[in-house]
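Numbering (the working numbering), first residue to last: -13 to 83. Single-structure report; data block below.
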(Lines of atoms letter the chains of each structure in order from A and count residues from 1; the text may use other names and numbers.)
(Lines give C-alpha, C1' and ligand atoms only; values in the text may rest on other atoms or scores of the structure.)
Protein backbone atom coordinates (compact mmCIF):
# COMPACT_ATOMS: atom_id res chain seq x y z
CA UNK A 1 0.00 0.00 0.00
CA UNK A 2 2.88 2.38 0.67
CA UNK A 3 4.14 2.01 -2.89
CA UNK A 4 0.84 3.32 -4.25
CA UNK A 5 1.19 6.47 -2.17
CA UNK A 6 4.71 7.10 -3.44
CA UNK A 7 3.97 6.35 -7.10
CA UNK A 8 2.54 9.81 -8.01
CA UNK A 9 5.50 11.47 -6.31
CA UNK A 10 7.93 9.25 -8.20
CA UNK A 11 6.21 9.95 -11.52
CA UNK A 12 6.15 13.68 -10.81
CA UNK A 13 9.80 13.64 -9.78
CA UNK A 14 10.74 11.71 -12.90
CA UNK A 15 8.88 14.16 -15.14
CA UNK A 16 10.49 17.10 -13.39
CA UNK A 17 13.92 15.55 -13.80
CA UNK A 18 13.25 14.89 -17.51
CA UNK A 19 12.17 18.50 -18.04
CA UNK A 20 15.21 19.85 -16.23
CA UNK A 21 17.57 17.63 -18.20
CA UNK A 22 15.86 18.69 -21.43
CA UNK A 23 16.91 22.26 -20.71
CA UNK A 24 20.55 21.17 -20.82
CA UNK A 25 20.38 19.88 -24.38
CA UNK A 26 22.08 21.75 -27.19
CA UNK A 27 20.44 23.33 -30.24
CA UNK A 28 22.88 22.80 -33.11
CA UNK A 29 20.38 23.56 -35.88
CA UNK A 30 19.06 26.76 -34.27
CA UNK A 31 22.51 28.02 -33.33
CA UNK A 32 23.82 27.48 -36.85
CA UNK A 33 21.10 29.75 -38.28
CA UNK A 34 21.03 32.33 -35.48
CA UNK A 35 20.64 35.86 -36.84
CA UNK A 36 19.79 34.88 -40.41
CA UNK A 37 16.30 36.38 -40.19
CA UNK A 38 17.68 39.75 -39.10
CA UNK A 39 20.31 39.78 -41.83
CA UNK A 40 17.71 38.82 -44.43
CA UNK A 41 15.33 41.56 -43.28
CA UNK A 42 18.13 44.15 -43.44
CA UNK A 43 19.15 43.01 -46.92
CA UNK A 44 15.57 43.17 -48.19
CA UNK A 45 15.18 46.78 -47.02
CA UNK A 46 18.18 48.08 -48.97
CA UNK A 47 17.04 49.63 -52.25
CA UNK A 48 20.50 50.16 -53.76
CA UNK A 49 23.34 48.19 -52.16
CA UNK A 50 25.96 50.16 -54.13
CA UNK A 51 24.67 53.60 -53.08
CA UNK A 52 27.65 54.21 -50.80
CA UNK A 53 30.06 53.88 -53.72
CA UNK A 54 28.54 56.87 -55.57
CA UNK A 55 30.43 60.10 -54.60
CA UNK A 56 27.88 62.45 -56.23
CA UNK A 57 26.01 64.72 -53.79
CA UNK A 58 22.41 63.91 -53.11
CA UNK A 59 19.98 66.15 -55.00
CA UNK A 60 16.85 67.13 -53.16
CA UNK A 61 15.24 69.85 -51.13
CA UNK A 62 17.32 72.85 -50.06
CA UNK A 63 18.12 73.54 -46.41
CA UNK A 64 15.70 76.41 -45.85
CA UNK A 65 12.70 74.54 -47.26
CA UNK A 66 13.62 71.44 -45.26
CA UNK A 67 13.91 73.45 -42.02
CA UNK A 68 10.54 75.14 -42.60
CA UNK A 69 8.93 71.81 -43.38
CA UNK A 70 10.26 70.28 -40.18
CA UNK A 71 9.16 73.29 -38.13
CA UNK A 72 5.65 73.13 -39.61
CA UNK A 73 5.52 69.41 -38.85
CA UNK A 74 6.61 69.92 -35.24
CA UNK A 75 4.22 72.87 -34.83
CA UNK A 76 1.31 70.65 -35.86
CA UNK A 77 1.82 68.65 -32.66
CA UNK A 78 1.90 71.73 -30.41
CA UNK A 79 -1.54 72.99 -31.45
CA UNK A 80 -3.80 70.02 -32.14
CA UNK A 81 -6.85 70.73 -34.23
CA UNK A 82 -10.26 70.47 -32.59
CA UNK A 83 -12.07 67.27 -33.48
CA UNK A 84 -15.31 67.52 -35.43
CA UNK A 85 -18.52 66.35 -33.81
CA UNK A 86 -19.39 62.87 -35.07
CA UNK A 87 -23.10 63.71 -34.96
CA UNK A 88 -22.92 66.47 -37.57
CA UNK A 89 -21.32 64.47 -40.37
CA UNK A 90 -23.51 64.48 -43.47
CA UNK A 91 -26.25 66.62 -41.93
CA UNK A 92 -26.52 70.14 -43.26
CA UNK A 93 -27.91 72.89 -41.05
CA UNK A 94 -27.89 70.78 -37.90
CA UNK A 95 -26.28 71.82 -34.63
CA UNK A 96 -25.38 68.23 -33.80
CA UNK A 97 -27.87 67.78 -30.95
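Glycine is no exception: its CB is placed at the ideal position from the N, C-alpha and C atoms.
Check, Outcome
"State the DSSP-derived secondary structure class of residue 73, mapped to helix, strand or coil.", "helix"
"Quick check on residue 14: does DSSP put it in helix, strand or coil?", "helix"
"Taking the Cβ atom as the reference point for each residue, do residue 47 and residue 55 lie within a distance shorter than 9 Å?", "yes"
"Determine the direct distance from the alpha carbon of residue 4 to that of residue 11, and round the result to whole angstroms.", "11 Å"
"Residue 20 by DSSP, collapsed to three states: which one?", "coil"
"Could you give the first and the last residue of the continuous alpha helix (DSSP H) run that contains residue 61?", "49 to 64"
"Please state the DSSP three-state secondary structure of residue 1.", "helix"
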